[in-house]
Each structure stands twice: as structure tokens, then as C-alpha cells.
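Okay, so the sequence shown: first residue is 63 according to the numbering used here, each after it adds one.
The beta carbon of each residue, even a glycine, is placed where N, CA and C say it ideally should be.
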Amino acid sequence: MSNLDRQPALSVCGGRGFVVAEPVRELLSPRKVKLGESTEVRRLLPNLGRRMVGAWCFVDHYGPDDIADEPGMQVAPHPHCGLQTVSWLHEGEVLHRDSVGSLATIRPRELGLMTSGRGISHSEESPRPHARLLHGAQLWVALPDAHRDVAPHFQHHADLPRVTAPGLTATVILGTLDKATSPGTAYTPIVGADLALTAGTETRLPLDPDFEYAVLSMSGETHVDGVPLLPGSMLYLGCGRTELPLRASSDAGVMLLGGEPFEEEIVMFWNWIGRSHEEIARAREDWMDGTRFGEVKGYDGPPIPAPQLPPTHLKPRGRVR
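This is the structure we're talking about:
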């Protein structure tokens with residue numbers, strides 16, 4: 063997934079200095095961002111109030127969009143480094159191509175996991191023909207220093223483990239939930255799960271008190287620890303929880319995101335994650351020179367040029383603004 067903002071902010075985040083050590087209920091409002099030709103997303107991370115949840119550092123929610131007479135998602139080749147991208151759909155399909163030769167169609171409740179490592183480029187598009195509706199989320203996971211230069215690779219997992227309870231089906235996207243572990247490769251203690259709840263369900267989900275958590279609403283109306291959550295919003299929950307009360311007022315879908323607080327400070331700019339302004343500048347040069355990030359073959363169109371870097375270095379400001 064690309065950040066197509068032509069004037070993206072250079073920001074430093076991570077570190078434990080602003081991790082909330084106790085349970086909280088902090089509602090995060092989205093910022094609307096245009097993505098490609100006809101897709102508008104709701105950006106929840108980074109947010110004016112909070113930049114990371116565990117190693118999760120970027121969250122976009124989009125749809126459901128009627129794209130029957132539209133091209134749908136059309137994101138031309140662009141680069142990534144220092145992160146993993148997670149593609150997650152509730153409706154529609156996304157065709158993924160990348161510079162290591164991967165070609166895959168991601169469908170609802172299938173995991174598309176791209177580890178950029180030291181550098182990769184990819185494109186994403188709605189197939190032709192495509193389904194009428196497009197609805198999903200795109201997320202990034204920051205790679206820790208020990209693994210951020212791994213060889214780039216892509217994983218597509220159509221069969222993921224599930225945790226069930228009356229009125230609840232939880233699909234484990236990444237990491238471990240209630241002893242069920244995703245086959246996707248994780249480089250930090252983390253969890254991502256898709257929760258489908260039927261109307262009237264009241265349940266409690268087991269959590270790790272050492273993790274910080276957030277819940278992203280995808281559809282329907284859910285009460286998360288007593289807080290009503292509507293689609294496109296996210297509730298930050300802090301740490302110290304052993305369980306999470308959930309109540310569905312209608313059939314609903316939410317995503318649980320969590321992980322051990324990320325100790326390292328990271329610099330995010332456009333589609334790159336590094337540790338300094340100089341690293342980001344080097345990544346930009348490599349992309350514009352056609353080196354390091356490879357070539358995406360088969361996409362009908364040119365790659366996306368990188369935006370200009372800001373004139374000054376960013377001062378570290380921690381996990382929250």
C-alpha cells in the first residue's frame with residue numbers, strides 16, 4: 063500500500079516514553095486521504111493523537127465503495143523499506159505485483175503480507191473485471207533494527223487460523239491470539255485479528271497485559287469496553303488488559319491490533335521507514351535513480367515519483383503528538 067500524499071510529513075515515532083501503561087479509552091478520528099484514481103481512505107495511523115500501536119505504524123480503512131463503473135484501486139509501482147505491508151479485505155479483490163516477481167490476487171479474509179526489508183517496490187490494482195464492492199484495510203508493521211535489512215519477500219495465506227466463541231469468529235491475521243498463531247512471518251511480539259460478531263453478541267476476548275491494543279471498526283456498530291465504535295474509527299486501549307469486553311448492536315466487524323510497545327524510534331516519510339533523515343534521503347535517491355528497489359513488471363503505467371524531502375530535519379517527538 064502506498065502513501066500517495068505529495069507533501070507527506072517526516073515524523074519520528076516509537077520508543078516507550080509515551081506508552082500508556084494502564085487501560086484507557088482513547089478514540090482516534092480518521093483523516094480522509096485520496097488514494098489513486100477513485101479510492102478515498104480513512105487514515106487512523108499515524109494520527110494527530112497517536113503514531114503507533116505496538117509495531118503497527120500505519121492504518122488505512124477504505125470502503126465499502128461501489129466500483130462497478132470505476133477502475134477501483136489503481137496504485138502504480140512505488141517503493142518500501144524497513145516495514146511490512148498487510149493487505150486485508152472484507153469485500154473485493156486486489157491484484158498485487160512486486161519487484162521480486164510475486165503476482166497474487168488477494169481476496170476477502172486472505173492475508174497478503176509483504177516484507178520490504180532493505181527494499182522492494184510493488185503495485186496494487188483492482189482486477190479487470192472486478193467485484194462491485196471494495197472494502198478493506200491496509201496496514202504497516204515497523205521492522206525492528208535487527209531485521210529491517212532482511213531480503214524482501216511476499217507471503218499470501220488464504221487459510222488462516224480462527225478462534226471461535228458464541229457469536230464471535232476471530233481470524234488471526236498476524237501473531238498469536240488465544241493460542242492460535244498466524245502463518246505470516248512476524249518480527250516482533252504482535253497480534254492482528256479480524257473479529258466478526260453477530261447482532262446481540264456479548265463476549266470477552268483474552269488479551270496479553272504486556273501488549274498495547276487498539277480496535278478498528280470495519281462495519282456495523284460495536285461497543286468496545288463500553289465505548290460505541292462506528293465504522294472508520296479506532297479506539298486506543300493502552301496496556302494492562304487481560305480481557306476486552308465486546309458487544310455488537312448489529313452484525314459487525316472490527317480489527318484488533320496490538321503488540322509489545324515498540325522500543326526503537328523510527329523515521330517515517332512517504333513509503334519508507336528508517337532511523338534517520340539521512341537514511342530516508344538515501345532511499346529517495348535510490349528510488350529516483352532506479353536502484354535498490356527493483357522493477358515491477360506487468361503493471362500498465364509508470365512508477366510513482368518520490369516527493370521532495372522537507373528542507374529541515376525533524377526533531378524527535380515520540381509516539382504521540
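By the neighbour-count criterion, in which 16 or more other beta carbons inside 10 Å mark a residue as buried, residue 266 falls on the exposed side.
Taking the Cα of residue 151 as reference, the smallest distance to any Cα among 124, 132, 143, 224 is reached at 124. Sequence-distant Cβ neighbours of residue 298 in its own chain, meaning closer than 7 Å and more than five residues away, are 86, 88, 90, 112, 115, 276.
No Cβ-Cβ contact shorter than 8 Å links residue 193 with residue 361. A direct Cα-Cα distance of roughly 31 Å separates residue 214 from residue 110. Taking all protein chains shown into account, residue 93 has fewer than 16 neighbouring C-beta atoms within 10 Å of its C-beta and is therefore exposed.
Taken in chain order, the unbroken stretches of alpha helix (DSSP H) that lie wholly in the region 286-354 and span 4 residues or more are 339-351. In the three-state reduction of the DSSP assignment, residue 122 falls in the strand class. The continuous beta strand (DSSP E) containing residue 232 extends over residues 230-239. Assigned with DSSP and collapsed to three states, residue 208 falls in helix. For residue 219, the secondary structure class from DSSP, reduced to helix, strand or coil, is strand.
In the three-state reduction of the DSSP assignment, residue 370 falls in the coil class. Taking a C-beta distance under 8 Å as the contact criterion, residue 204 and residue 342 do not qualify as a contact pair.
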